[in-house]
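Novice: In our numbering, the protein residues as written are -13 to 499. By construction, the Cβ of each residue, glycine as well, lies at the ideal position given by its N, Cα and C atoms.
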Amino acid sequence: MSHQTVIVLDFGGQYNQLIARRVRECGVYCEVKPYTMPLSEIRAMAPIGIIFTGGPGSVYEEKAPHVDPAIFELGIPVLGICYGCQLMAHTLGGEVVPAQEDTAREYGRTEVRFDADCKLFQDLPEQAFTWMSHGDYMARVPEGFALTARSRSCPNVAIADEKRGFYGVQFHPEVGHTENGLGMIRNFLYEVCGAVGDWTMGDYKQTAIRAVREKVGKGKVLLALSGGVDSSVVAALLAEAVGSQLTCVFVDHGLMRKDEGDEVERAFARWDINFVRVDAETRFLLKLAGVTEPEHKRKIIGEEFIRVFEEEAKKIGKVDFLAQGTIYPDVIESGAGDAAVIKSHHNVGGLPDYVDFKEIIEPLRLLFKDEVRQLGRELGLPEYLVSRQPFPGPGLAIRIIGDITKEKADTLREADFIFRDEIAKAGLGANINQYFAVLTNSRSVGVMGDGRTYDYTLALRAVTTDDFMTADWARIPYEVLDRISVRIVNEVKGINRIVYDITSKPPATVEWE
Ligand code: XMP
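(1) Please say whether G35 and V(-6) have beta carbons closer to each other than 7 Å?
(2) What did DSSP end up calling D324 once you bin it into helix, strand or coil?
(3) Start and end of the alpha helix (DSSP H) containing Y370?
(4) Please identify the residue among H120, R136, Q360 whose C-alpha is closest to the C-alpha of F107.
(5) Any contact between the region 248 to 267 and the region 208 to 227? By contact I mean 3 or more CB pairs, one from each, below 8 Å.
(6) Could you please give the first and the last residue of the uninterrupted beta strand (DSSP E) stretch that includes Q420?
(7) Can you look up V277 in the DSSP assignment and give me helix, strand or coil?
(8) Could you tell me whether any non-hydrogen atom of the ligand SAM is closer than 6 Å to the CB of P33?
(9) What residue does the beta strand (DSSP E) around D103 start on, and which one ends it?
(10) Does the region 4 to 23 come into contact with the region 201 to 215, if we say contact requires no fewer than three beta-carbon pairs (one atom in each stretch) closer than 8 Å?
(11) Take E499 and list the residues in its own chain whose beta-carbon comes closer than 6 Å to its own, dropping the five residues that flank it on each side.
(12) Decide yes or no for the touch test of the region 386 to 393 against the region 458 to 471: beta carbon pairs closer than 8 Å, at least 3 of them.
(13) Mind checking which residues open and close the beta strand (DSSP E) that includes T443?
(14) Would I195 pass as a contact of E226 if the rule is Cβ separation under 7 Å?
(15) Quick check on the burial criterion: 16 or more other C-beta atoms within 10 angstroms. Buried or exposed for Q113?
(16) Please name the residue or residues paired with Y153 in a DSSP beta bridge.
(17) Buried or exposed for N2, please, with buried defined as at least 16 other CB atoms from any protein chain shown within 10 angstroms of its CB.
(18) Which two residues bound the contiguous alpha helix (DSSP H) that contains Q3?
(19) Provide the residue span of the alpha helix (DSSP H) that contains M118, from first to last.
(20) Check whether the Cβ of G415 sits closer than 6 Å to any heavy atom of the ligand XMP, and report yes or no.
(21) If you draw a straight line from the alpha carbon of G(-2) to that of L352, how long is it in whole angstroms?
(22) Under the criterion of a Cβ to heavy atom distance below 6 Å, does F454 qualify as lining the ligand XMP?
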């Protein structure tokens, strides 16, 4: 079945995939294409609308990216965002100049007033905060265009030629900081382009399955399955696409949460795939024995994981494709070249090419986390897997401060389970983005019954965050904290004191190591 399509023309902006994601969110199929895409190809795709993205350049610079002016003759509505807006103005005969200090250069949160009778803003509040990031200014707008929004320092925040279906905004409607931004994109799609909303995540699933089948043919695929959301969704997708040609290698390093290994195994039992669960607890604990330094722990785990995977891959024999659960935020973050290493993330992406794979398959590369969860549901994965909070590759090893033993891992597993259980019972799970227990290396004196105890202190960590780059500690109600504390000290041997971590990130990090 073919769908109505929107083309997002990429001029090098930071948020281009986010625009695509918003369009999908509105139930419309879209593809991001380079701005150099020939007009003939655009015409062949017969899009119902085109969106010009932002970009780092200035339209009046010599090397600035441009479009064939004939794009405006196709009779297809266009929404220009930031650079895209200026490009439209410039191409259609307006004038764009560098903003002077005191005029219209705007960055960050800016209050804007909108004309409610402009289709882009219809049925939305007439005043809202938007996210701006532009240093240029439209000194003169092209003929046929009206000014449809303004801020305190800028009279032309948005322009529209409603007759031809051309709209431009200086701010970024796609980012979460712009109030009603999604509504504006929805208006463009439905009110201007005539979208009917004929695209769903179920369609994405079908398209992705077809693409995998085409690429893989009769070849063998190997997936390193961690049990996290992303690799689980890739596993389900590949299981559906290529069935028995797929081998999932699930390395259980003995540092998973309570029952996690069994849950993962159970979730994949219904597919006809090769599922290898490697019980590697002993060898991991042996390698980690006596190691206390966090980075050292991480390196050992990363390396050992690869060794186990290598051994399993050799047993399977010639494998053509390696599958990975890379998602879009991973792609962006990997681009942050010079950033300081805070923690070496254990990452399957760092696997060596010891088996000569023909290619890497990354079916989630363009999706955001919540879209991945949605796709997982489409594929029939159980809710506890799909809505699972992030869990670091090194697992409980970086939540046991100091040296790691099986006994400590078991203690932490029990305490962590109670914490999660009580959060779920209190109905707080959806509001807290990550929560877990940490076994500190600190022991203190307590009194239980009539006797003295000298046991470990357990720390509870719970954070709210959008992107895990920054985070705030979650305001869990005292009564809930109280229930958690009482249950853990009563039910888990070896813990006699509970503390709650009330530091944000920064200056702390989410995990303790
Ligand atoms: P930090 O502790 O850096 O954590 O504030 C941010 C997010 O990343 C997760 N995390 C990891 N995930 N491998 C992963 O796959 C790792 O080595 C790793 N270290 C931290 C952490 O759980 C949080 O969600």
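Specialist: In terms of the structure at hand:
(1) no
(2) Only weak support is given to the placement of D324: the predicted model assigns it a pLDDT of 42, under 50, and the value that follows is read from those uncertain coordinates. Shown here, D324 sits in coil according to DSSP, grouped into three states, outside any helix or strand.
(3) 369 to 372
(4) R136
(5) yes
(6) 420 to 434
(7) coil
(8) Of the ligands this structure carries, namely the ligand XMP, none is the ligand SAM.
(9) First-last for D103: undefined, no H or E at that position.
(10) Verdict: no, contact absent.
(11) P280, I384
(12) no
(13) 437 to 450
(14) In this structure, the beta-carbon distance from I195 to E226 falls below 7 Å.
(15) Flag for Q113 reads exposed.
(16) L65, A146
(17) buried
(18) 2 to 11
(19) Counting along the chain, no alpha helix (DSSP H) covers M118; the unbroken beta strand (DSSP E) around it starts and ends at 113 to 120.
(20) no
(21) Annotation: G(-2) to L352 spans about 16 Å, alpha carbon to alpha carbon.
(22) yes
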